[in-house]
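What follows is one structure encoded as structure tokens, with my remarks underneath.
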Amino acid sequence: MYRRVAPDRRGTPTDTHHPGGACESVPEPYEDIRPIFAMEQALELVYSVQEFFKSSNSPEYEAMETKGRSKGWCSCGWFMVAVILALVVAGVVVMYQQKHKHSDSESPPVSDSPGEVSQKYADALNLTLQFFDIQKAGQLENNKIEWRGDSALDDGKEANLDLSKGMYDAGDHIKFGFPMAFSATMLSWAILEYGDQIQAANQLESAQDSLKWITDFLINAHPKDNVLYIQVGDPVADHKCWERPESMKEKRPLIQVNTSSPGTEVAAETAAALASASLVFKSTDSTYSSTLLKHAKQLYSFAVTYRESYSVSIPEVQTYYNSTGYGDELLWAAGWLYHATGDQSFLDFVTGDGKSYVDFGSPTWFSWDNKFAGAQVLLSRLSFFGGKYLKSNSDLLEYQKTAEAVMCGLLPKSPTATLSRTDSGLIWVSEWNSLQHPVASAFLAVVYSDYMLTSRTSKLSCDGKSFSASDLRKFAKSQADYVLGSNPMEMSYLVGFGDKYPQFVHHRGASIPADADTGCTDGWKWLESTDPNPNVASGALVGGPFLNETFNDNRNNSMQTEPTTYNSAIMVGLLSGLVTTSSVVKSFT
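Start counting the sequence shown at 1; every next residue gets the next number (full-length UniProt numbering).
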């Protein structure tokens, strides 16, 4: 049974399992045997016709036999008629089988190049990427947001570091390294899987720019092999203020993990972020890509060597981004580093020691805290598209089977479908930040559906019932459409999309006029104002509805109206997968 427990502030339950069952994908039958099988049927028909005429002793058969012998060839008339008839039957058989195959799977193979762009999802993608510009800290370049300016320029100076870049976490002004790194990993994954689709929507440059703004910060936050700065700013002090980021004058202390105070999960997540980003920039900036990969390897080594949760070594982080474990991040990082390097040692960890962290066959919810489902889908890439050794690797197949269990749990008509849904079908796990899990689940579903399409895998078997790639895509679209307005509130939870969306977003910068001269405490009147935000936080994905599908649009209701940067990163992935259809690349390199 699924067990709900109290989540932390940012909305991740400490028990993130959802029910699943016996599931397996079924490779599509070899195409080339269909015509052969049909021709065999046709030839059987030829001989059946011949035997019929022989057995009937009909005058027509005797006449054809006599005429045929006199011409020097045997039974031409009846034979040609039968052959023509057989070929017609063969054609019908092939056409029927092809039609039957497509109607079963509902997902014929897609082309390598992007298809027609869905304007709805393209517009939503454009908006979502704007939120990253809103969240940028530091000296802004080519600033696209008129109510934003330079901020946090002195971040990192106490350690002689430039930590001015990066992004603010949510509606406040703290830079939390753990979820920020996850945002970078998700942006990278979206670009790597769906770069052509993002380009078709004219948003690839914007996505890469947002990614680099984060990775520049992460590189600077890693000044030594075993030192990583994971937080800028004091949440307690920050939350005593309601001000624009441009007006901040408070001290912004730093927190680091090191050999004395390790933080395996945050070091590993940062390694995953930098490794995946190295693949994104490999073809356009090889020097930067190499720098990213160097830091990723060092951080992975740090994470593996000094294994301890940062929630244990630095207890004060528990209030906001408490970690429920680090095994998922180690697998996640190793998976990304294997994709980035091809180094067998990373695969050896996944198929060796790393297995001890996994409860194979038990699906989990994907989130900033729990990467197991994401790692399992990522590793299933190797089973779908790797060489013969990888496709037959029994350990990797265990990851894929668990990824399939995740998919089966998401499909609403599956025998193993999770019950963690609203009445309208939205995946719902936590009242805090409730949209994180449906959007993350939908992203994994669209990715896995495209793996199936590209590999010509026709079926996913869920406890004996078959589903197609299009079934997964349909589920993903249902979650995206709910977010964009197809819900009981008839409201888009993506700010700026459609005619009705939240007006009182819990976001300091959006709530205060750009020309207001406010300090730490005299800005509270803007929090309490009954007027809508003067600045639209375009592309912000707010927390979302309650289980009963109600939503209270109130600036003080941070549970429902506060957006987060990592939610937007996941949303970029989902929308990128839906904006158009095409095959995913079989290799990231």
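Using N, Cα and C, we set each Cβ at its ideal position, and we do this for glycine too.
Could you check the C-alpha separation between residue i and residue j for me, to the nearest Å?
i, j, result
"F504", "E562", "9 Å"
"P35", "G464", "Annotation note: pLDDT 40 at P35 (below 50); position unreliable, coordinate value reported separately. If you take the alpha carbons of P35 and G464, they lie about 29 Å apart."
"L127", "S206", "11 Å"
"Y47", "S455", "Summary for Y47: the model assigns pLDDT 46, below 50, so the residue's position carries little reliability, and this model does not support an answer."
"L279", "S576", "18 Å"
"M248", "F132", "20 Å"
"T319", "P235", "9 Å"
"L254", "G156", "7 Å"
"G509", "D196", "33 Å"
"L411", "N567", "22 Å"
"T324", "N258", "20 Å"
"W526", "I145", "20 Å"
"S414", "A440", "19 Å"
"L299", "L293", "10 Å"
"T581", "Q208", "21 Å"
"A540", "V495", "5 Å"
"Y338", "F475", "30 Å"
"P532", "S511", "8 Å"
"T589", "M180", "25 Å"
"residue 601", "L382", "In this structure the chain extends from 1 to 589, so residue 601 is not present and cannot be described."
"K282", "S301", "22 Å"
"N370", "E250", "33 Å"
"S260", "Y326", "17 Å"
Put residue i into one of helix, strand or coil per three-state DSSP.
i, result
"K388", "helix"
"R473", "helix"
"residue 592", "The structure shown has nothing for residue 592, since the chain only spans 1 to 589."
"L435", "coil"
"Q139", "coil"
"residue 611", "Nothing can be reported for residue 611, as the shown portion of the chain is limited to 1 through 589."
"I134", "helix"
"S466", "strand"
"K71", "With a pLDDT of only 35 at K71, under 50, the local geometry of the prediction cannot be trusted, and no value is derived from it."
"L254", "strand"
"K144", "coil"
"S151", "strand"
"S323", "coil"
"L129", "helix"
"L460", "strand"
"F176", "strand"
Taking the CB atoms as reference points, tell me whether residue i and residue j lie closer together than 8 Å.
i, j, result
"V377", "Y493", "no"
"S276", "T341", "no"
"A170", "T564", "yes"
"L187", "A514", "no"
"residue 591", "L274", "With the chain covering only 1 through 589, there is no way to say anything about residue 591."
"L426", "Y482", "yes"
"L435", "G573", "no"
"Q135", "M167", "yes"
"A403", "S380", "yes"
"P363", "G335", "no"
"H437", "S367", "yes"
"V536", "Q560", "no"
"W365", "V429", "yes"
"W432", "A375", "no"
"Y451", "V584", "yes"
"K224", "F385", "no"
"Y357", "L330", "yes"
"A480", "L578", "yes"
"L347", "M407", "no"
"V304", "S311", "no"
"S313", "P262", "yes"
**Q.** Stretch-stretch touch, CB-based, cutoff 8 Å, three pairs: the region 225 to 244 with the region 265 to 277
**A.** Between the region 225 to 244 and the region 265 to 277, the count of C-beta pairs closer than 8 Å reaches three or more; the two stretches touch.
(Q) Does the structure place the region 344 to 354 close enough to the region 278 to 295 that three or more beta carbon pairs sit under 8 Å? (A) Counting Cβ pairs under 8 Å, fewer than three are found: no touch.
Q) Should the region 477 to 493 be called in touch with the region 515 to 526, which here means at least 3 C-beta pairs below 8 Å? A) Contact between the region 477 to 493 and the region 515 to 526 is absent, because fewer than three Cβ pairs lie under 8 Å.
Q: Flag this pair as touching only if the region 205 to 212 and the region 234 to 244 have three or more C-beta atom pairs under 8 Å; answer yes or no.
A: With a cut-off of 8 Å, the region 234 to 244 and the region 205 to 212 do not count as touching, because too few Cβ pairs lie within range.
Q: Only counting runs of 3 or more residues, tell me where the beta strand (DSSP E) segments fall wholly within the region 183 to 248, in order along the chain.
A: Counting only runs of 3 or more, we get 228 to 232.
Q. Should the region 522 to 531 be called in touch with the region 141 to 155, which here means at least 3 C-beta pairs below 8 Å?
A. No contact exists between the region 522 to 531 and the region 141 to 155.
Q. Are the region 434 to 445 and the region 453 to 469 touching by the rule of at least three beta carbon pairs closer than 8 Å?
A. The way I'd put it, the region 434 to 445 doesn't touch the region 453 to 469; fewer than three beta-carbon pairs between them come closer than 8 Å.
**Q.** Runs of beta strand (DSSP E) lying entirely within the region 340 to 424, each at least 3 residues, in chain order
**A.** Along the region 340 to 424, the beta strand (DSSP E) does not occur as any fully enclosed run of 3 or more residues.
Q) Is the region 157 to 166 touching the region 546 to 553, taking contact as three or more C-beta pairs under 8 Å? A) No, the region 157 to 166 is not in contact with the region 546 to 553.
Q) Hey, is the region 417 to 434 in contact with the region 379 to 399, meaning 3+ C-beta pairs nearer than 8 Å? A) With contact defined as three or more Cβ pairs closer than 8 Å, the region 417 to 434 and the region 379 to 399 are not in contact.
Q: Would you be able to state if there are at least three C-beta pairs under 8 Å between the region 119 to 134 and the region 187 to 202?
A: Judged by Cβ distances under 8 Å, the region 187 to 202 makes contact with the region 119 to 134, as three or more pairs qualify.
Q | Runs of alpha helix (DSSP H) lying entirely within the region 475 to 512, each at least 4 residues, in chain order | A | Qualifying alpha helix (DSSP H) stretches, in chain order: 508 to 511.
**Q.** Entirely enclosed beta strand (DSSP E) segments - the region 515 to 583, minimum 3 residues
**A.** As far as the region 515 to 583 is concerned, it has no whole beta strand (DSSP E) run of at least 3 residues.
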